[in-house]
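Numbers given in this note's numbering equal positions in the sequence shown, counted from 1, plus 346. The beta carbon of each residue, even a glycine, is placed where N, CA and C say it ideally should be. The structure displayed is predicted, hence computed values, not measured ones. Below you'll find the structure, written out as structure tokens, and then a few comments.
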Amino acid sequence: MKFQDVNGLVKCWNYNFKQCVYTIRENRQTYGLTYHPRLPKFITYGDNLKIFLYDEETKVQERVLQASDRKELHDGPMSRVFAGRFNPRSNYEFLTGGWDDLVHLWDLRAPHAVKHISGIHLCGEGLDINKRGTEILTCSWRKEEQLQLWDYSTFKMISTFYPDVHSCKLYCGRFMNSDFLCCSGGDPAILRVVDLQTSYSAVIVHSLPSAVYHLSVGPLKTSRKFYLMKMFVRRQILVECLNYVILVGVSWYN
347 MKFQDVNGLV
357 KCWNYNFKQC
367 VYTIRENRQT
377 YGLTYHPRLP
387 KFITYGDNLK
397 IFLYDEETKV
407 QERVLQASDR
417 KELHDGPMSR
427 VFAGRFNPRS
437 NYEFLTGGWD
447 DLVHLWDLRA
457 PHAVKHISGI
467 HLCGEGLDIN
477 KRGTEILTCS
487 WRKEEQLQLW
497 DYSTFKMIST
507 FYPDVHSCKL
517 YCGRFMNSDF
527 LCCSGGDPAI
537 LRVVDLQTSY
547 SAVIVHSLPS
557 AVYHLSVGPL
567 KTSRKFYLMK
577 MFVRRQILVE
587 CLNYVILVGV
597 SWYN
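See below:
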């Protein structure tokens, strides 16, 4: 299990023994860490406009990815990077995004980003790729058109999910499965589960005590009658879908 912090420390923990296995010190504020889906590698990103690629086994920094000197190409970050996501169907490709209103596609075989989407203002982990590697989810920190789907191969927008009841600026979002996605943010603080077939909200939790900056989707559990997916969100938010039972702190929402 790995954590990063704004002091530039990347720590690997053995959570069974509650011990720090090793620490990597980066000379920057580090905002995120993303694992490769198959290979023993991970990337980190932060405030210095660079993406660091590490080898998990050797703890060695293998690559430093950044923009070229030709700023008009938009082939790398121009501001802080808050989100990164590997394509689950590729050994080489991943996405990053942040304050520069750009989502970049990187190929580890190329020196700089090979493609970008404009107009996406990310202030948290509001970036994901579905399991088939065909669609991109973006969650923007802005007043309108916060939640959008994009075609991975063309980088063209597929759809925008408009708020059906409550609207908020988004920090984070994840695909839950092929039928649902979840997103959350602040101003106001809302957690939303969206049905991809209808584009409407299946679950909405509003009036949260504070903004949600991160969420993770747990493993799928199956039974004869139904399946249960658990989504754990910081600040003790638990969503159980498809039963739609939501726990926020010590309060239950049905």
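Please work out which residues of its chain come closer than 7 Å, Cβ to Cβ, to residue i, disregarding the five sequence neighbours upstream and downstream, and give them in chain order.
i: LEU542; result: ASP525, PHE526 and LEU527
i: HIS438; result: The displayed chain sequence assigns Tyr, not His, to residue 438. Excluding positions up to five away in sequence, the list reads ASP453, LEU454 and ARG455.
i: ARG570; result: A caution first: ARG570 carries a pLDDT of 44, below 50, which makes its placement in the model unreliable, though a value can still be read off. Closer than 7 Å at the Cβ level, and outside the excluded window around ARG570, lies no residue.
Could you tell me which residues DSSP pairs with residue i in its beta bridges?
i: TRP452; result: PHE440
i: TYR377; result: Note: TYR377 sits in no beta bridge, so no partner.
i: ILE389; result: THR380 and LEU399
i: PHE342; result: In this structure the chain extends from 347 to 600, so residue 342 is not present and cannot be described.
i: GLU481; result: ASP497
What would DSSP say about residue i, mapped onto helix, strand or coil?
i: LYS396; result: coil
i: LEU311; result: In this structure the chain extends from 347 to 600, so residue 311 is not present and cannot be described.
i: ALA459; result: coil
i: SER464; result: strand
i: GLU471; result: coil
i: GLU408; result: strand
i: ASN362; result: coil
Measure the beta-carbon distance from residue i to residue j and round it to whole angstroms, keeping in mind my assumption that it falls under 8 Å.
i: LYS515; j: GLN492; result: 6 Å
i: LYS461; j: LEU451; result: 4 Å
Excluding sequence positions up to five away, which residues of its chain have a Cβ less than 8 Å from the Cβ of residue i?
i: VAL410; result: LYS396, ILE397, PHE398 and LEU399
i: VAL406; result: TYR400
i: ARG384; result: ASN437
i: ASP533; result: CYS514, LYS515 and ALA557
i: ASP421; result: ALA413, SER414, HIS450, HIS458, ALA459, VAL460 and HIS462
For residue i, which residues from the same chain have a beta carbon less than 6 Å from its beta carbon, with the 5 sequence-adjacent residues on both sides left out?
i: ALA548; result: VAL539 and ASP541
i: ILE370; result: VAL356
i: GLU408; result: LEU399 and ASP401
i: TRP445; result: SER425 and ARG426
i: GLU372; result: GLY354
Should residue i be listed as close to the ligand PLP, given that the test is whether its C-beta is under 7 Å from any heavy atom?
i: VAL511; result: Ligands are entirely absent from the displayed structure, and the ligand PLP is therefore not among its contents.
#### Entry: Uninterrupted alpha helix (DSSP H) stretches inside the region 494–580 (no shorter than 4 residues)
Counting whole runs of 4 or more residues, the region 494–580 contains no alpha helix (DSSP H) stretch at all.
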